[in-house]
Amino acid sequence: MTIECSIGIIKESDKYLFSQRSKKPFLDHFEFPGGKLESNESSDQAIDREIFEELGIKIVDKIKIGSLIHLYKNLKVKIHIYQIVSYEGNILSREKQKILYLNPLDSYHKFIESTYRIINYISLPRYMHIISEKKSNPYSINRARKYFNNMIRLRSFGLSEDSYISQAKEISEISSNKDVKLILDLKYIRSCQGIRYSGIHYTSNEINDIKTNIRIDKNITYSASCHNLKEIHIANQLNLDFILLSPVLSSKHSNPSLGWTDFKLLSKEANMPVFALGGISKDDLKTCMANDGYGVSGISKF
12 MTIECSIGII
22 KESDKYLFSQ
32 RSKKPFLDHF
42 EFPGGKLESN
52 ESSDQAIDRE
62 IFEELGIKIV
72 DKIKIGSLIH
82 LYKNLKVKIH
92 IYQIVSYEGN
102 ILSREKQKIL
112 YLNPLDSYHK
122 FIESTYRIIN
132 YISLPRYMHI
142 ISEKKSNPYS
152 INRARKYFNN
162 MIRLRSFGLS
172 EDSYISQAKE
182 ISEISSNKDV
192 KLILDLKYIR
202 SCQGIRYSGI
212 HYTSNEINDI
222 KTNIRIDKNI
232 TYSASCHNLK
242 EIHIANQLNL
252 DFILLSPVLS
262 SKHSNPSLGW
272 TDFKLLSKEA
282 NMPVFALGGI
292 SKDDLKTCMA
302 NDGYGVSGIS
312 KF
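All residue numbers for the sequence shown refer to this note's numbering, where the first residue is 12 and numbers rise by one.
Set out below in C-alpha cells:
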C-alpha cells in the first residue's frame, strides 16, 4: 500500500514543531504537522489545507525542499517536505493534539520512523568532497578547510587502518570548528571511536550483505554507493539517507559510464537524495538537479 503526504517544517531555534499522534499506527508518537493528499490534490494544496486544519494558520510563503519515500513494515509513504517560511495567524492545536517544539536528536519523546530521515534531508548539503589518499596528504586534507556547509567523505579504499584513523582524526579536528559534515566508511568505523563524525558510508558490496536494519544511531546519516538498479532497490529497503550513484561521466573501473540519461532513470527509482559521482565537478550541480539528482560529489575535480 502506498500513500502520499505533505509535511511542514516550522523551526524555532534548534527545535521543530511536532504534533503528537492520537491514533494508531504510532499512537502517542510525535510527527511533523501535515497529512495525506486527498484525491486530485497536489502536494502544494495538501500542505496549505493540512496546516490550516491542524494548526489554524494560513501559509503565506513556503519552499518545497524535496520528497523522499519511507518504507514501513506494511506501508510505503511518499513524503513531500515543505519549509514554512511565513504564515498568518497564531499556532494552536485545532485537532486537540499535543503540539511541542522539539529536537528529535536530543529528545526523550517517541517519534515516527521517518523523522530522522527528514531531519537529515533538510540539512543535507549539495556538495560532497571525497578524500581518497593512500597515505596522509597535507594538501588534500588542508583542502577540507574550504568546504564550509558541505560534506567530506574519507574513502577507505587503499588505506591501512592506522592511516585511515590518523586522517579521520585530522579531518575531524578541522570540521569540528566548521559547519562541515564528515562521513566515514564502514570498513574502519569500529576503530574510529572518539572521533567526531556525521555519517557512515557503505560500499555497494557491503549493502548487499546487510540483513537487518542498520540505523542504530539517530544522530548520524547512513549512505551507500550504488551502480545499478539492484543496489538502489537494496538502499531503498534499508531506508538510507542518501546514495552516491556512479559512474556518471567517467569510470576507472569495470562499470560503464551511465551518462545523464541513465542517471536520471536510476535516480527516479531511488527513495532518497542521489549524488552524482564519476567525472563530476561542482559546476555539474545544475545539470545533476535537472536530471533528478540532489547533489554532486567527486575526488579529482573538486
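Every residue gets a Cβ at the ideal spot worked out from N, C-alpha and C, and that includes glycine.
Where the alpha helix (DSSP H) through residue i begins and ends
i      : result
Lys241 : 240 to 248
Leu66  : 54 to 66
Ala301 : 296 to 301
Gln204 : Per DSSP, Gln204 belongs to no alpha helix (DSSP H) and is neither H nor E.
Lys180 : 172 to 187
Ile129 : 126 to 133
Burial state of residue i, where buried means 16 or more other Cβ atoms lie within 10 Å
i      : result
Ser278 : buried
Leu260 : buried
Asp252 : buried
Pro115 : buried
Arg207 : exposed
Tyr119 : exposed
Thr13  : exposed
Gly205 : exposed
Asp173 : exposed
Proximity of residue i and residue j at Cβ, strictly below 9 Å
i      : j      : result
Phe63  : Phe122 : no
Ser308 : Phe286 : yes
Glu15  : Tyr112 : no
Ile92  : Ser104 : no
Ile218 : Ile194 : no
Tyr199 : Tyr175 : yes
Pro284 : Tyr132 : yes
Ser257 : Asn266 : yes
Trp271 : Thr298 : yes
Ser262 : Gly306 : no
Close-in-space but distant-in-sequence residues of the same chain around residue i (CB under 7 Å, 5 per side omitted)
i      : result
Glu99  : Ile68, Lys69, Val71
Leu249 : Ile218, Ile221, Ile225
Ile211 : Leu195, Leu197, Ile200, Ile231, Tyr233
Contacting residues, own chain, Cβ-Cβ under 6 Å from residue i (five flanking each side not counted)
i      : result
Tyr213 : Leu197, Ala235
Ser97  : Val71, Asp72
Asp303 : Lys275, Ser278, Lys279
Ile80  : Lys89, Asn282
Ser54  : Ser17, His91
Leu288 : Leu255, Ser257, Ser308
For residue j and residue i, believed in contact at Cβ under 8 Å, the rounded distance
i     : j      : result
Asp25 : Arg32  : Actually they do not touch by this definition, with Cβ atoms about 23 Å apart.
Pro36 : Ile18  : So it is not a contact: roughly 16 Å between Cβ atoms.
Gln94 : Ile110 : Actually they do not touch by this definition, with Cβ atoms about 18 Å apart.
Contact with chain D by residue i, beta-carbon distance below 9 Å
i      : result
Pro115 : Annotation note: the requested chain D is absent from the structure, which comprises a single protein chain.
Span of the beta strand (DSSP E), counted from its first residue to its last, around residue i
i      : result
Glu15  : 13 to 20
Met162 : 162 to 165
Leu277 : Per DSSP, Leu277 belongs to no beta strand (DSSP E); it is in the alpha helix (DSSP H), 270 to 278.
Ser234 : 232 to 237
Ile227 : That residue, Ile227, is in no beta strand (DSSP E); it is neither H nor E in DSSP.
Ile194 : 192 to 196
Ile76  : 69 to 82
Glu99  : 87 to 99
Residues near residue i in its chain [Cβ-Cβ closer than 8 Å; skip 5 each side]
i      : result
Lys229 : Pro115, Leu116, Tyr127
Asn85  : Met12
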